[in-house]
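Below is one structure, written out as structure tokens; comments come after it.
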Amino acid sequence: MNSGREIKAGDILVACDNLYHIPHGYMGHAAIAVDDKWLVEATDNVPYIRMKSFEHFLKEHPIHAQYRPRSAEMGQMAASCAMDYQLKYANNLRQGENKPTFAFLSGSPLHDPWGTVYCSKLVWLSYFYGVQYAFANDFGLFTPEDLDTCLKHDPHFELVYRHPRFRFVINT
Numbered sequence: 168m169n170s171g172r173e174i175k176a177g178d179i180l181v182a183c184d185n186l187y188h189i190p191h192g193y194m195g196h197a198a199i200a201v202d203d204k205w206l207v208e209a210t211d212n213v214p215y216i217r218m219k220s221f222e223h224f225l226k227e228h229p230i231h232a233q234y235r236p237r238s239a240e241m242g243q244m245a246a247s248c249a250m251d252y253q254l255k256y257a258n259n260l261r262q263g264e265n266k267p268t269f270a271f272l273s274g275s276p277l278h279d280p281w282g283t284v285y286c287s288k289l290v291w292l293s294y295f296y297g298v299q300y301a302f303a304n305d306f307g308l309f310t311p312e313d314l315d316t317c318l319k320h321d322p323h324f325e326l327v328y329r330h331p332r333f334r335f336v337i338n339t
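Count along the sequence shown from 1, then add 167; that gives the number in my numbering.
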């Protein structure tokens, strides 16, 4: 699948669909680009934090939006943080420690990278620790819907692509 689009380090992809067969708009997915071909994402099966190609993401999540930081340096710093996080997690696995674990709801605060992780939290952590940039969060859980809402109104980011059917049904 060739989308005809490019990704750059720090690009954020937010999907309003998922692999659970839950209708579009209720539960989404998010990932961060680390270069012009690869993303880092968090999923609910081991390895929880992994690399995925942009093309593979597009096949699994065709209904998505793509945002780009206006500052290439900001994007590169967040991407480097995401890559470092993925490498540290892979090293933990090699040492027999599956940390962080995947969980949406837990006592692990948003800024804690080693308690639990989920897709949009990984993006939040990458910008928070990589650039010292915190996306606003209206509830304890920082969902793909929250991420999309923040990015739509954030002057530091520009919309690169939005699928015509992309939308969230509920405010999480």
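Note that beta-carbon positions come from the ideal geometry of N, C-alpha and C, so glycine has one too.
Sequence-distant residues of the same chain with beta carbon closer than 7 Å to residue i, five excluded per side
i	result
SER247	GLY297
PHE324	TYR234, ARG235, PRO236, ARG237, LEU318
HIS228	ALA182, ASP184, HIS196
Spatially closest choice to residue i from the options, by CA coordinates
i	options	result
ALA232	PRO311, GLU240, VAL336, VAL213	PRO311
CYS286	ALA257, HIS223, ALA209	ALA209
ASP251	LEU180, LEU206, ALA301	LEU206
PHE221	ARG235, ASP211, VAL201	VAL201
THR268	THR283, SER275, PRO276	THR283
LYS204	HIS196, TYR215, PHE224	PHE224
GLY307	PRO229, LEU272, GLN262	LEU272
GLN299	MET241, MET218, ASP321, ALA176	MET241
Length of the line joining the Cα atoms of residue i and residue j
i	j	result
PRO331	LEU318	17 Å
GLY192	MET244	In this prediction, GLY192 has a pLDDT of 45, which is less than 50 and means its spatial position is unreliable; what the coordinates show is noted afterwards. In a straight line, the C-alpha of GLY192 is about 30 Å away from that of MET244.
LEU254	LEU292	15 Å
ILE174	ILE199	10 Å
ASP305	LEU326	22 Å
LEU314	ARG172	21 Å
PRO280	ALA301	14 Å
ALA303	LEU277	11 Å
SER275	ALA239	31 Å
ALA257	ASP178	22 Å
TYR294	ASN259	22 Å
ASN151	ILE230	Given a span of 168 to 339 for the chain in the structure shown, any question on residue 151 remains unanswerable.
ARG261	MET218	16 Å
ASP321	ASP211	29 Å
CB-CB length for residue i against residue j, believed under 8 Å
i	j	result
ARG334	CYS183	6 Å
ASN265	VAL213	7 Å
Spatial neighbours of residue i in its chain, beta-carbon cut-off 8 Å, leaving aside the 5 residues before and after
i	result
PHE309	LEU277, SER287, LYS288, TRP291, PHE302
TYR215	ALA209, TYR256, ASN265, PRO267, THR268, PHE269, VAL284
Neighbourhood of residue i by C-beta distance below 6 Å, restricted to the same chain and skipping five residues each side
i	result
MET168	Here the model assigns MET168 a pLDDT of 49, short of 50, so the residue's position is not dependable and the matter cannot be decided.
Problem - Length-filtered (4 minimum) alpha helix (DSSP H) runs lying within the segment 230-313 - result: 239-261, 286-298
Problem - Segments assigned alpha helix (DSSP H), at least 4 residues, entirely inside the segment 173-227 - result: 221-227
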